[in-house]
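For reference, the structure is listed below as structure tokens.
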Amino acid sequence: TFKIIDLGAAADLRVGINYIPKEFLLDPRYAAPEQYIMSTQTPSAPSAPVATALSPVLWQLNLPDRFDIYSLDIIYLQMAFPALRTDSSLIQFNRQLKRCNYDLEAWRNLVEPRATPDLRRGFDILDLDGGIGWELLTSMVR
């Protein structure tokens with residue numbers, strides 16, 4: 001059993017607590033390519049009653065939950081591929097993924113032919129049960 005928590009950049013869209021459109025906290029090694037949770041064009045939070053009424057619309061327009069899903073995907077990749085746990089390896093992985101247009105299948109096709117035993121073992125783990133682990137990871141990056 002393991003728990004992954006992230007409270008550092010939590011914001012309550014219903015009332016605007018801790019929501020500042022042009023500010024963000026993130027570790028670039030784990031960040032989605034967009035770099036912002038919400039559009040930089042999103043206005044500052046209005047009064048609490050208006051913010052409460054409009055927060056579902058804002059959520060649907062910007063899909064901020066996807067931002068954390070990408071970061072979680074990187075953590076899952078590190079669980080499957082221990083070599084990605086070092087800063088230099090994670091930075092290299094991010095460069096490779098960017099060159100592959102953030103397509104994990106393309107990244108796999110790039111690295112799998114010359115995979116180290118540890119990398120091969122990670123792919124084998126993700127391919128268990130019909131590849132459900134790999135399918136989960138690729139769906140999280142989209």
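Residue 81 in full-length UniProt numbering sits at position 81 of the sequence shown, and the numbers go up by one each step. Using N, Cα and C, we set each Cβ at its ideal position, and we do this for glycine too. Computed from a predicted structure; not experimentally measured.
Continuous alpha helix (DSSP H) stretch holding residue i: start and end
{"i": "Pro117", "result": "Pro117 to Leu126"}
{"i": "Ala51", "result": "Ala48 to Asn62"}
{"i": "Tyr105", "result": "Looking at the sequence shown, residue 105 is not Tyr but Glu. Counting along the chain, the alpha helix (DSSP H) containing Glu105 begins and ends at Leu104 to Val111."}
{"i": "Gln96", "result": "Asp87 to Arg99"}
Contact under 8 Å by Cβ, residue i with residue j
{"i": "Ala80", "j": "Gly122", "result": "yes"}
{"i": "Asn62", "j": "Thr86", "result": "no"}
Which listed residue (the options) has its alpha carbon closest to that of residue i
{"i": "Ala31", "options": "Pro117, Phe93 and Val15", "result": "Phe93"}
{"i": "Ala115", "options": "Leu72, Thr42, Ala83 and Val15", "result": "Ala83"}
{"i": "Gln78", "options": "Val15, Leu126, Ile132 and Arg142", "result": "Leu126"}
{"i": "Pro56", "options": "Val15, Asn109 and Pro113", "result": "Val15"}
{"i": "Val111", "options": "Asp124, Gln96 and Arg142", "result": "Gln96"}
{"i": "Arg142", "options": "Leu119, Ala48 and Cys100", "result": "Cys100"}
{"i": "Pro33", "options": "Ser88, Tyr76, Asp68 and Pro113", "result": "Asp68"}
query: Three or more beta-carbon pairs under 8 Å between the segment 91-109 and the segment 130-142, yes or no?
result: Result yes; three or more Cβ-Cβ pairs closer than 8 Å.
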